[in-house]
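To start, the structure under review is shown below, and the notes come after it.
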Amino acid sequence: MAKEVTKRSENYSQWYNDLALKADLAEQSAVRGCMVIKPYGYAIWESMHETLDKMFKQTGHQNAYFPLFIPKSFFSREAEHVAGFAKECAVVTHHRLMNDPDGKGVIVDPDAKLEEELIVRPTSETIIWSTYKNWITSWRDLPILCNQWANVVRWEMRTRLFLRTAEFLWQEGHTAHATAEEAQQEAMTMVQVYAKFAREYMALPVIVGHKSPNERFAGALDTLTIEAMMQDGKALQAGTSHFLGQNFAKSFDVQFTNKEGKQEYVWATSWGVSTRLMGALIMAHGDDNGLVLPPKLAPIQVVMVPIYRSDEELNAVLEKMNEIKTQLEALGHSVKIDTRDTLRPGFKFAEWELKGVPVRLAMGARDLAAGTVEVARRDELTKETMPLEGIAQHIDTLLGDIQQNIYNKALRFRDSNIEKCDDWEEFKTKIQTGKFLLCHWDGTVETEQAIKDATKATIRCIPIDSCVCEEEGKCIYSGKPSKQRVVFAISY
RNA sequence: CGGGGUGUGGCGCAGUUGGUAGCGCAUCUGGUUUGGGACCAGAGGGUCGCAUGUUCGAGUCAUGUCACCCCGACCA
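In my numbering, the protein residues as written are -16 to 475.
Shown next, in the form of structure tokens:
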């Protein structure tokens, strides 16, 4: 195993990439822009998946599954939507291969051309709304609150592990409602679910807010977002929730008969988070020694490394370790005893740190004699020797402390890198140094675009929590009046 | 699609004016080790991205081609 990980301070992108690879989360696939998620990485994704799934069900949602392929004609029904995704679609044109008549290998059978091309879903609004049409006729059929866990394909020009891959895993919720108010409430509920998940499970402080019109989802009337700050000060959009109005209902002619007996178009939302959250986890908490996983999502919360010179010593240590393991498991924690006999303890310490395991226990002859165990915490890289008595309870508490500490650290970092800015020259300089700047904005697309062209910075959101700042002021760019500051940053 | 770069054992790389393909890591065997990434000894593994050309002779030179990476435009 390669040992050196690039220093975070030297080259943040390379550090990130190194970490994803060396912590055994993923690797680049032979297929352009695609990624192999390795078992350890997938286990983290599964933790996220399970937790989110529970939260969705608690808010009344059900899982369903819709097809991977979308007929081209469906896709083009909603004008803005198709404009938003047209440039990055994978298209299926044929359904058969044949032997190459001129030699080796196979070619696409020209006789097997599809009458209508199929688009590999980049998102599923269109296929789902074409289905919902058949499900909805009366107000009694509403609301429909469905989610699907799926893969989608977006043929991006440039890709990065987890943050932007040609194919990625995600969940997409698609709901149908009788009223605009109810749909808007749904979009808000779900963005708050995401914020709660980010904060409480990923230990990731996020700002909840509305996207500016420029940054909205193609086909949405309003897009709500959670925005996180990475350790280089760049913003990462970690999840979105869209109020789609009646756009898709109209495109797919989904109407219902209301209580007054009148026909009305259905109101819609959609919301999603993806394996990009894995990238957020790496970038928000990792350090020069590797990954730092929040205990609530770590596939292994406690790893134990036995230290021994003989089989007798090993067996004695393992006996104690198994006792602790049983106690910890009874408290609901996942524990691994690293019994690999070909590796020395020092190597194992470094490796589990690289993989971000929150708590490490080491025990050897010395501890056996004294009735102690060495407890190391990943977040602070500290260790102390503790009595075996009450150790499980202590670790249970420690895991909670670590979860909180990781969040607090990230929060402190973020808050120390957010500031108000009212001067355009100052803005241009400061925004490049990795800051979130709270600025007044005149509300126009033109201004937002001009700022983006000049600095690459975009409006990450118009915040509704964390850093709301409603006050009179003048737009940082145009000088026109503004009533609220918005969050500007350079983003991933 | 523009600008730059790289293709050599599993991974990371070196390879001079063209002359028997090398190093580190990893792997395998044996031994000593084991409280922060062990050490010694030995072993296995490569048609040098592909094609054509120049040459007695090409990893090296020429032409072509393919792939990948980085920087832009596009995006969760």
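Just so you know, even glycine gets a beta-carbon here, dropped at the ideal spot from N, CA and C. From a predicted model like this one, the values you see are computed outputs, not experimental measurements.
N-terminal and C-terminal residue of the beta strand (DSSP E) that residue i is part of
{"i": "residue 242", "result": "Element bounds for residue 242: n/a, residue is neither H nor E."}
{"i": "residue -7", "result": "Where residue -7 is concerned, there is no enclosing beta strand (DSSP E), given that its DSSP letter is neither H nor E."}
{"i": "residue 192", "result": "189 to 193"}
{"i": "residue 30", "result": "Unbroken run through residue 30 is the alpha helix (DSSP H), 22 to 41; no beta strand (DSSP E)."}
{"i": "residue 471", "result": "464 to 472"}
{"i": "residue 454", "result": "453 to 457"}
{"i": "residue 367", "result": "365 to 370"}
{"i": "residue 401", "result": "401 to 403"}
Own chain residues within Cβ distance below 6 Å of residue i, not counting five before or after
{"i": "residue 445", "result": "192, 193 and 469"}
{"i": "residue 100", "result": "55, 74 and 76"}
{"i": "residue 64", "result": "201 and 202"}
{"i": "residue 476", "result": "The question about residue 476 has no answer, for the chain in this structure spans -16 to 475."}
{"i": "residue 388", "result": "362"}
{"i": "residue 283", "result": "317, 319 and 340"}
{"i": "residue 115", "result": "159 and 237"}
{"i": "residue 199", "result": "206"}
{"i": "residue -14", "result": "With a pLDDT of 47 at residue -14, under the threshold of 50, the modelled position of that residue is not reliable, and the figure given next carries that caveat. The answer is none, since no qualifying residue turns up."}
{"i": "residue 68", "result": "105"}
{"i": "residue 182", "result": "none"}
{"i": "residue 368", "result": "355 and 357"}
7 Å CB neighbourhood of residue i in its chain, flanking five on each side removed
{"i": "residue 338", "result": "6, 7, 23, 273 and 274"}
{"i": "residue 180", "result": "34, 35 and 38"}
{"i": "residue 297", "result": "289 and 291"}
{"i": "residue 366", "result": "357, 358 and 359"}
{"i": "residue 138", "result": "71, 72, 73 and 149"}
{"i": "residue -8", "result": "none"}
{"i": "residue 81", "result": "89, 90 and 92"}
{"i": "residue 425", "result": "458, 461, 463 and 465"}
{"i": "residue 336", "result": "272, 273 and 361"}
Residues that DSSP places opposite residue i in a beta bridge
{"i": "residue 132", "result": "154"}
{"i": "residue 270", "result": "273"}
{"i": "residue 9", "result": "20"}
{"i": "residue 160", "result": "250"}
{"i": "residue 45", "result": "129"}
{"i": "residue 52", "result": "103"}
{"i": "residue 287", "result": "320 and 344"}
Closest by C-alpha distance to residue i, when choosing among the options
{"i": "residue 431", "options": "461, 109, 361 and 135", "result": "461"}
{"i": "residue 342", "options": "383, 248, 350 and 328", "result": "383"}
{"i": "residue 127", "options": "45, 427, 471 and 18", "result": "45"}
{"i": "residue 95", "options": "276, 78 and 89", "result": "78"}
{"i": "residue 333", "options": "364, 308 and 314", "result": "364"}
{"i": "residue 218", "options": "303, 186, 178 and 441", "result": "441"}
{"i": "residue 134", "options": "176, 51 and 91", "result": "51"}
{"i": "residue 411", "options": "471, 293, 369 and 230", "result": "471"}
{"i": "residue 413", "options": "438, 396, 391 and 393", "result": "438"}
{"i": "residue 9", "options": "60, 424, 143 and 474", "result": "143"}
{"i": "residue 47", "options": "147, 61 and 110", "result": "110"}
{"i": "residue 141", "options": "16, -10 and 351", "result": "16"}
{"i": "residue 227", "options": "32, 120 and 169", "result": "169"}
{"i": "residue 374", "options": "345, 392 and 395", "result": "345"}
{"i": "residue 390", "options": "308, 154, 269 and 331", "result": "269"}
{"i": "residue 147", "options": "258, 240 and 107", "result": "258"}
{"i": "residue 454", "options": "278, 405, 265 and 251", "result": "405"}
{"i": "residue 1", "options": "280, 234, 262 and 14", "result": "262"}
{"i": "residue 132", "options": "121, 125, 118 and 151", "result": "151"}
Span of the alpha helix (DSSP H), counted from its first residue to its last, around residue i
{"i": "residue 382", "result": "374 to 398"}
{"i": "residue 328", "result": "328 to 337"}
{"i": "residue 253", "result": "Segment 250 to 257 is the beta strand (DSSP E) holding residue 253; no alpha helix (DSSP H) there."}
{"i": "residue 411", "result": "407 to 413"}
{"i": "residue 494", "result": "Limits of the chain in this structure are -16 at one end and 475 at the other, which puts residue 494 out of reach."}
{"i": "residue 71", "result": "Neither: residue 71 is in no alpha helix (DSSP H) and is coded neither H nor E."}
Cβ-based neighbour list, residue i, same chain, cut-off 8 Å, excluding 5 preceding and 5 following
{"i": "residue 174", "result": "191, 207, 208, 209, 222, 223, 224 and 254"}
{"i": "residue -16", "result": "With a pLDDT of only 37 at residue -16, under 50, the local geometry of the prediction cannot be trusted, and the value read off the model is given with reservation. Around residue -16: 5 and 334."}
{"i": "residue 403", "result": "420, 421, 422, 452 and 468"}
{"i": "residue 97", "result": "75, 76, 77 and 78"}
Check: residue i C-beta below 6 Å from any heavy atom of the ligand NAD
{"i": "residue 290", "result": "Absent from the structure shown: the ligand NAD. Ligands present: none."}
Legend entry - Ranges of the beta strand (DSSP E) found wholly within the region 416 to 450, counting only runs of at least 3: 419 to 423 and 441 to 446
Legend entry - Contiguous beta strand (DSSP E) assignments of at least 3 residues, all confined to the region 289 to 362: 318 to 320, 342 to 346 and 355 to 360
Inset, instruction - Just list the alpha helix (DSSP H) runs in the region 165 to 230, keeping only unbroken ones of 4 residues or longer that don't cross its boundaries, in chain order. - result: none
Legend entry - Start-end ranges of the alpha helix (DSSP H) lying completely within the region 77 to 151, minimum 4 residues: 108 to 118
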